[in-house]
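Positions 0 to 531 (numbering that gives the first Met the number 0) are the ones given, in order, by the sequence shown. Even glycine gets a Cβ: it sits at the ideal position worked out from N, Cα and C. None of the values given here were measured: they were computed from a predicted structure. Take a look at the structure below.
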Amino acid sequence: MKNTKKVLATVMALGMSVSTFAACRPTNTRDGLTGDHVLRIYAQKAGFGIEWVEDLIEAFKNEAWVQEKYPGIQVGLTFNEQESFASNKLRAGKGVCTWDLLMGTYLKNETPIEDLTELVYNQTIPNEGVTFKSKITESMLKSFQVMSEGTDEVTYKAVPWSGGELGYVYNAELLDALGYNVPVTTDELITVSKAITATNNDIYNKGYAFISSDEGTAYWSYSFIPLLTQYMGTEGLSNFYNGIDEYGRRSNLIFQEKGRLRVLEFLEELYDYSSGIIYKSSDELAYMSAQLGFMKGNGIFMPMGSWFDNEMEALATQAKNSGEKIYDIRMMRVPVLSSIIEVLPEKSITNDVTLQAVVRAIDNGATSYEGVHQDDFNRVAQARAVCADQSHHDAVIPNFAARKDIAADFLLFMASDKGVETCYKANGSPNAYTYDIKTKNPELYNSLNSFEKSRVDMLYGNAVYNSAIYSPANVTRMVKYGGIGLLRIPTEDIYTYLSAYNVVKDAQTIYNDVINYWTADMFAQALIKAGY
Numbered sequence: 000m001k002n003t004k005k006v007l008a009t010v011m012a013l014g015m016s017v018s019t020f021a022a023c024r025p026t027n028t029r030d031g032l033t034g035d036h037v038l039r040i041y042a043q044k045a046g047f048g049i050e051w052v053e054d055l056i057e058a059f060k061n062e063a064w065v066q067e068k069y070p071g072i073q074v075g076l077t078f079n080e081q082e083s084f085a086s087n088k089l090r091a092g093k094g095v096c097t098w099d100l101l102m103g104t105y106l107k108n109e110t111p112i113e114d115l116t117e118l119v120y121n122q123t124i125p126n127e128g129v130t131f132k133s134k135i136t137e138s139m140l141k142s143f144q145v146m147s148e149g150t151d152e153v154t155y156k157a158v159p160w161s162g163g164e165l166g167y168v169y170n171a172e173l174l175d176a177l178g179y180n181v182p183v184t185t186d187e188l189i190t191v192s193k194a195i196t197a198t199n200n201d202i203y204n205k206g207y208a209f210i211s212s213d214e215g216t217a218y219w220s221y222s223f224i225p226l227l228t229q230y231m232g233t234e235g236l237s238n239f240y241n242g243i244d245e246y247g248r249r250s251n252l253i254f255q256e257k258g259r260l261r262v263l264e265f266l267e268e269l270y271d272y273s274s275g276i277i278y279k280s281s282d283e284l285a286y287m288s289a290q291l292g293f294m295k296g297n298g299i300f301m302p303m304g305s306w307f308d309n310e311m312e313a314l315a316t317q318a319k320n321s322g323e324k325i326y327d328i329r330m331m332r333v334p335v336l337s338s339i340i341e342v343l344p345e346k347s348i349t350n351d352v353t354l355q356a357v358v359r360a361i362d363n364g365a366t367s368y369e370g371v372h373q374d375d376f377n378r379v380a381q382a383r384a385v386c387a388d389q390s391h392h393d394a395v396i397p398n399f400a401a402r403k404d405i406a407a408d409f410l411l412f413m414a415s416d417k418g419v420e421t422c423y424k425a426n427g428s429p430n431a432y433t434y435d436i437k438t439k440n441p442e443l444y445n446s447l448n449s450f451e452k453s454r455v456d457m458l459y460g461n462a463v464y465n466s467a468i469y470s471p472a473n474v475t476r477m478v479k480y481g482g483i484g485l486l487r488i489p490t491e492d493i494y495t496y497l498s499a500y501n502v503v504k505d506a507q508t509i510y511n512d513v514i515n516y517w518t519a520d521m522f523a524q525a526l527i528k529a530g531y
């Protein structure tokens, strides 16, 4: 259901494109837009493309309430693929940044941007009777909170525009042909990957299970937070970011929590090149080439985000038209960390075989499992629901924007059911706002391809335990002002540190480095900086 938009586009300096959704006498020499009601939008063209923004603009303009409120509304769209473009323009100020709405990445902590708490978050979405804030999952909402220095006052300066997931994609055809189920625990993933690596037959004989690319250091990091959240629980991770230990006190004991070590130990085993699980030359592959190769059967698993299908659509179609085999690729949830059995309250799951059975029962809609204490079952179910989101894809309104009112209304429409449906129709993917397409529009769901359905199913896996997106609350006072963090290295560097090509430190050493750094005195200074 992907429509080809017919818009006026002009190639400009810096690789920008400008689409004009109406035209009359010029009031801005940059885009020639005119009239009393003009909205100018910049959008970064990322993996999901730009068509969904174009369609969203058209749908917004055609809304009766929009036409009544803004007669003759015109919308100009500028886009390019430069990740730093929006932030650079914001910093340059009003004379350079002429847009009313910027949709990019990592903008929520930029200045100068408008406070959206009252302008957007607390506003009611037209024709739906619910607030904008209510259309965002609680955990996603937390990731957009901004804490004022020295206080716990919460404000919002940005909104999410992408609702995809981060984790792994897999070759559904080959995995099935080899006789394996999609792994649901980390131990099972390692076991299956080793078996696939050793496979040498007519079905598969590549000698590795995972493939990555020169983007791997970032892509591999996507699973770290979901795995850690599974082990610690969302409340436990939230306590960590607030500096609260297991006894309810703010202390440096938070760094002795074992979840980070267990995740690092799993990643250490996965990244170990001596096992052959990962294609050893992955780091040398250009990402588009690696991804196309994966679609042609090179590898069974790949670290990836849910934009994969949209990003590869043109190349996959070209390959198919040339007679090449393109496999059925789908998204999978990050497996449940097998070490979770250590922290189950009743310890009624004692091995990974039972854990696998419980997870698969949860996936099939079960609310209990024979022989497993209900509290343990619920804890595993919560872990299974965790996904990594794309909260770094955010939109902001400059505080000097000429039409903050139209920009705010556009954001309200983006969060509406119709806005979400528009995104689905454009690229088969939801945006960041809650909308159960399987219930509300089954016809639209059934029109999606297998990959598109798999990423929807990660959000709405079954009727009992819908997947709760979780993102680290990186704006708590202890993080923002106190400087605490999960590790002493960025999560993007874990792969570099642990892979066999450059084993700088092992899992235990990375874990110990954090404990050794955060002495009682260091933590006391962090508390003072955070205003405690």
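Own chain residues within Cβ distance below 6 angstroms of residue i, not counting five before or after
i, result
"Lys346", "none"
"Ala529", "Arg476, Met477, Tyr480 and Gly481"
"Val333", "Gly166, Ser222 and Pro225"
"Lys134", "Ala414, Tyr432 and Thr433"
"Asn162", "Note that residue 162 is Gly in the sequence shown here, rather than Asn. Excluding sequence neighbours, Gly162 sits near Pro429, Asn430 and Ala431."
"Asn27", "Confidence at Asn27 is low in this model, with a pLDDT of 38, below 50, so the placement of that residue should be treated as unreliable; the coordinate-derived value is given next. Correct list: empty, nothing qualifies."
"Asp54", "Thr421 and Ala425"
"Phe307", "Val168"
"Met287", "none"
Buried or exposed by the 16-neighbour rule on C-beta atoms within 10 Å, applied to residue i
i, result
"Gly481", "buried"
"Thr110", "exposed"
"Thr438", "exposed"
"Ala315", "buried"
"Asn430", "buried"
"Asn241", "buried"
"Met311", "buried"
"Asn309", "buried"
"Ile532", "The displayed coordinates of the chain run from 0 to 531. Any statement about residue 532 would go beyond what the structure contains."
"Trp64", "exposed"
"Arg539", "In this structure the chain extends from 0 to 531, so residue 539 is not present and cannot be described."
"Gln317", "exposed"
"Glu451", "buried"
"Glu234", "exposed"
"Pro489", "exposed"
Three-state secondary structure (DSSP) of residue i
i, result
"Gly296", "coil"
"Leu100", "strand"
"Gln81", "coil"
"Met521", "helix"
"Asn170", "strand"
"Gly304", "strand"
"Ala380", "helix"
"Thr228", "helix"
"Arg90", "helix"
"Pro159", "strand"
"Pro397", "strand"
"Val153", "strand"
"Phe239", "helix"
"Leu545", "Since the displayed the chain opens at 0 and closes at 531, residue 545 lies outside it and no answer follows."
"Thr130", "strand"
"Gln122", "coil"
"Thr184", "strand"
Distance CB(residue i)-CB(residue j) smaller than 9 angstroms
i, j, result
"Glu82", "Pro125", "no"
"Leu118", "Lys403", "yes"
"Tyr444", "Met330", "no"
"Phe409", "Leu38", "yes"
"Ala91", "Thr228", "no"
"Leu458", "Tyr423", "no"
"His536", "Leu336", "Outside the shown range of the chain (0 to 531) lies residue 536, about which nothing can therefore be said."
"Asn297", "Ile210", "yes"
"Ser86", "Leu100", "no"
"Val183", "Tyr230", "no"
"Glu267", "Asp505", "yes"
"Glu67", "Lys44", "no"
"Leu215", "Tyr494", "Contrary to the premise, residue 215 reads as Gly rather than Leu in this sequence. Cβ atoms of Gly215 and Tyr494: closer than 9 angstroms."
"Asp327", "Ile340", "no"
Any C-beta of chain B under 9 angstroms from that of residue i
i, result
"Asp362", "Protein chain content of the structure displayed is limited to a single chain, and chain B is not contained in it."
Beta-carbon proximity list for residue i, same chain, < 7 angstroms, skipping 5 on both sides
i, result
"Gly275", "Thr196, Gly206 and Tyr207"
"Met303", "Tyr167, Val168 and Tyr218"
Same chain only: Cβ atoms within 8 angstroms of residue i, ignoring 5 sequence neighbours per side
i, result
"Trp98", "Arg39, Ile40, Tyr41, Thr77, Lys88, Pro397 and Ala400"
"Gln122", "Thr130, Phe131, Ala407 and Leu411"
Near the ligand GDP: residue i beta-carbon under 8 angstroms from a heavy atom
i, result
"Glu117", "Of ligands this structure carries none, so the ligand GDP is not represented either."
Check whether the stretch 149-159 and the stretch 110-118 touch, using three or more Cβ-Cβ pairs below 8 angstroms as the test. yes
Would you check if the stretch 394-401 and the stretch 47-58 touch, i.e. whether three or more CB-CB distances between them fall below 8 angstroms? no
Is there contact here, the stretch 245-256 with the stretch 270-286, by at least three beta-carbon pairs under 8 angstroms? no
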